[in-house]
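J.: When we follow the numbering used here, the leftmost residue of the sequence shown carries the number 5, and every step to the right adds one. Note that beta-carbon positions come from the ideal geometry of N, C-alpha and C, so glycine has one too.
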Amino acid sequence: MTTEQLLDIVLITFNRAPQFEKTLEMLFAPDSPVRNCDLTILDNKSTDATPQIAGRYAGLYPNVKHLVNNFNVGGNANIAKALEIYGAKPYHWVICDDDVYNWEGWPEVEEAMQRGEKLICVGDRHLAKSGPKRSDPAECLQQMTFLPSIIYGPGIITDTAMRNAYDCTFALFPHLAPVVMYLNHGGSIYVIKQGIVLPGCYGNDASITRGDVKSEVFTRSRTTYLAVGFAILTGELWDRKLSKRAFKALVYGSQIGRFGFYGQTFLYLRGREGSANFHAIWLQSTFLMRCVLYPLHLIQNSFLYPLLTSKRIYNAGKRLMDRLNGRARKRLQT
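1. Taking only the alpha-carbon atoms, compute the straight-line gap between D171 and V184 and give it to the nearest angstrom.
2. What is the rounded straight-line gap between the Cα of Q9 and the Cα of K93?
3. Closer than 6 angstroms by C-beta to A62: which residues in its own chain qualify, once you throw out the five before and the five after it? Chain order, please.
4. Distance, Cα to Cα, R60 vs M30?
5. Report the three-state DSSP secondary structure of K49 (helix, strand or coil).
6. Which runs of the alpha helix (DSSP H) spanning at least 4 residues fall entirely within the segment 132-214, listed in chain order?
7. Compute the distance between the beta-carbons of A86 and T173, then report whether it is under 8 angstroms.
8. Any idea what DSSP makes of H130, helix, strand or coil?
9. Compute the beta-carbon to beta-carbon distance between I13 and I99, rounded to the nearest angstrom, for a pair I have assumed lies under 8 angstroms.
10. Using a Cβ distance threshold of 8 angstroms, determine whether the segment 281-300 contacts the segment 152-165, with at least three qualifying pairs required.
11. Give the DSSP-derived three-state secondary structure of W97 in the structure shown.
12. Quick check: what's the CA-CA separation for F307 versus A284?
13. Contact between the segment 141-156 and the segment 240-259: three or more CB pairs below 8 angstroms?
14. If you pair each beta-carbon of the segment 27-45 with each one of the segment 103-120, do three or more pairs fall below 8 angstroms?
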């Protein structure tokens with residue numbers, strides 16, 4: 005069977021017309037192995053030029069379908085909807101509107117699909133170049149926070165997986181719900197030798213409340229960030245050792261780093277508003293991490309917090325975090 009017989013693709017998008025158009029150009033380039041695959045564009049009710057661009061491609065290519073949500077349901081709910089659009093093909097790939105593709109490694113992806121691999125990881129930005137750590141499920145899970153890293157095979161997206169995906173849309177990573185369930189039943193992740201997709205560097209607003217009235221978004225979503233969402237999802241793993249290792253890989257890894265983890269926890273998870281999300285992080289943290297989190301939490305709920313988070317100190321800390329994160333991103337790009 006060919007790639008187009010094996011795979012269908014859903015591209016989620018919202019108000020990123022320039023990046024969206026570049027993505028479509030890559031998908032339909034002469035050297036693209038997926039240019040003949042069924043492609044559904046799931047538009048989260050964009051108000052820019054996105055609908056016109058999508059309509060043009062749907063008119064040019066009979067394998068392209070353009071669907072528009074009646075409302076902006078939020079990025080994570082749109083991911084869950086994209087998972088649900090599982091067509092007649094055995095494999096399902098949900099991609100974003102602002103990433104970069106390198107098709108050199110695609111023959112291995114096609115071989116893996118031909119062979120019947122159930123879960124294929126096609127992103128590797130946060131993975132070791134080689135060795136056992138590259139295919140370590142704890143490392144793969146933090147790589148798979150990046151949505152297009154995952155190609156789902158037969159039997160991965162089930163009724164219960166979809167229910168769980170919708171249930172955790174507030175937790176940033178509904179696409180990990182089927183992965184966690186698959187690992188709970190003894191499944192393994194196949195990691196290709198050369199990554200296909202990398203995050204774009206367009207400087208987009210990646211906020212989960214993009215397009216919403218942020219002050220009116222419910223508390224649990226508003227206080228959720230990378231580590232919180234990952235703690236919630238990995239907390240559902242039955243293998244507690246794997247669960248803790250996966251969370252540790254994220255906190256100590258290139259995506260967030262210890263400084264960012266403790267800094268965000270201190271700034272965002274205070275008092276009643278942040279209590280539920282703080283609890284999720286606490287449950288997944290190692291003993292040493294808790295030794296830092298506990299005094300931080302005490303200070304958060306004391307008279308010292310307003311002093312330590314004064315506008316001047318807060319802005320200085322934010323600048324430092326931005327510099328450190330910028331350095332981490334540069335290291336990843338080299």
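T.: Short version:
1. Straight-line Cα distance between these residues: approximately 14 angstroms.
2. Distance from the CA atom of Q9 to the CA atom of K93, rounded to whole angstroms, is 7 angstroms.
3. V68, H70.
4. So the two alpha carbons sit approximately 15 angstroms from each other.
5. In the structure shown, K49 adopts coil according to DSSP, grouped into three states.
6. Entirely contained in the segment 132-214, the alpha helix (DSSP H) runs reaching 4 residues are, in chain order, 141-147, 163-171, 181-188.
7. Note that the C-beta distance between A86 and T173 is not below 8 angstroms.
8. In the three-state reduction of the DSSP assignment, H130 falls in the coil class.
9. That belief holds up - the Cβ atoms of I13 and I99 are roughly 6 angstroms apart, short of 8 angstroms.
10. Result no; under three Cβ-Cβ pairs closer than 8 angstroms.
11. Note: W97 maps to strand in three-state DSSP.
12. In a straight line, the C-alpha of F307 is about 25 angstroms away from that of A284.
13. Touching, per the Cβ criterion.
14. Judged by Cβ distances under 8 angstroms, the segment 27-45 makes contact with the segment 103-120, as three or more pairs qualify.
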